[in-house]
Ligand code: CP
Ligand code: NVA
């Protein structure tokens with residue numbers, strides 16, 4: 635099983651994870667076994683969640699720094715994946731390029747060893763699982779179909795996976811990004827394809843003006859304006875200035891609306907310190923749920939025995 639993005643999972647699996655249902659895995663799921671995690675970018679939450687999840691399932695995580703592995707420098711990406719699949723029960727990776735993830739996953743597809751995307755420039759599925767889990771935790775008793783997320787900011791990896799996780803759970807979502815930073819036709823087609831395949835009644839909308847998308851929303855979500863690997867794109871900051879999540883923006887949302895951010899956050903850029911640390915913020919619950927969601931995902935994926 636390959637999890638490159640949320641739409642590699644059946645919608646029912648996403649819903650089970652969001653509802654905190656475990657898979658077949660128990661605390662001895664990975665007993666006597668190891669899980670590989672390769673990181674080409676920095677990480678705190680994801681790396682910590684992998685470590686905690688593998689330990690909770692009785693296994694041992696083995697971390698590799700990208701520069702030591704030298705993917706496509708010291709060794710072809712495919713060869714790295716094959717080696718890791720022969721040593722470990724599950725392979726996971728945070729990679730600069732999603733095409734590298736696809737090549738690695740392709741090389742071990744059929745081996746019985748699952749491969750999980752821990753963030754690429756395209757998607758961040760393990761984040762999105764924690765996001766929809768958090769939304770459901772924060773609105774107990776509210777059917778997912780009655781909940782609406784407003785994502786304000788860059789149509790990036792986090793947003794792409796979030797849209798798909800919203801679709802899988804039946805939540806509606808509206809994305810506001812500046813001109814030139816919105817999802818393109820291919821993305822919109824993939825959202826619609828997943829919506830149809832899932833039989834989801836979600837509404838997925840796109841806008842430009844953040845002030846217009848926030849009214850009627852239960853969740854305001856934002857992420858950094860400049861993602862890892864985009865450090866030279868300094869021009870982005872100017873385009874995103876009107877997209878800061880502030881008290882003034884929140885005043886337009888539903889009275890009970892909460893604020894999410896995948897973290898790390900840049901106070902004074904995409905979100906004010908006042909909002910990030912304010913009473914509507916649920917970012918620490920969300921960050922804690924990275925661990926719970928990783929446990930649920932890994933226990934559902936299983937992994938090769940022996
Ligand atoms: N949200 C998230 O993925 O955090 P890290 O980059 O610290 O893993
Ligand atoms: N969009 C951000 C998310 C970090 C968790 C990035 O890719 O850097």
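Residue numbers (my numbering): 635 to 940.
For every residue, glycine included, the Cβ atom is placed at its ideal position computed from N, Cα and C.
Ranked by Cα distance from residue 879, the options 667, 784 and 691 are led by 784. Shortest gap from the CB of residue 680 to any heavy atom of the ligand CP: under 7 Å. Per DSSP, residue 695 is one residue of the beta strand (DSSP E) stretching across 694-699.
Among the bridge pairs identified by DSSP, residue 784 is matched with 808 and 854. When distances are taken from the beta-carbon of residue 857 to the heavy atoms of the ligand NVA, the shortest one is below 7 Å.
Annotation: residue 723 is outside any alpha helix (DSSP H) and is labelled neither H nor E by DSSP. In the structure shown, residue 823 adopts helical secondary structure according to DSSP, grouped into three states. Ranked by how close their Cα comes to the Cα of residue 874, the residues 896, 843 and 767 have 843 in first place.
Take the alpha-carbon of residue 705 and the one of residue 758: they are about 20 Å apart.
In the DSSP annotation of this structure, residue 867 is not part of any beta strand (DSSP E), being labelled neither H nor E. In this structure residue 638 is buried. Its beta-carbon is surrounded by 16 or more other beta-carbon atoms within 10 angstroms.
Of the residues assessed, residue 906 falls on the buried side of the cut-off, its CB having 16 or more other CB atoms within 10 angstroms. 852 is the residue among 787, 718 and 852 whose C-alpha sits nearest the C-alpha of residue 776. Look at residue 643: its beta carbon is at least 7 Å from all of the heavy atoms in the ligand CP. Looking at the DSSP output, residue 915 bridges to 893. Looking only at 770, 871, 812 and 698, the smallest Cα-Cα distance to residue 676 is reached by 698. For residue 752, the CB stays at least 7 Å from every heavy atom of the ligand NVA. Beta-bridge partners assigned by DSSP to residue 683: none are found. Setting aside the 5 residues that flank it on each side, residue 910 is surrounded in the same chain by 893, 895, 899, 901 and 917, each with a C-beta closer than 8 Å to its C-beta; the list follows chain order.
Annotation for residue 800: no beta strand (DSSP E) segment contains it, though the alpha helix (DSSP H) segment containing it runs 791-803.
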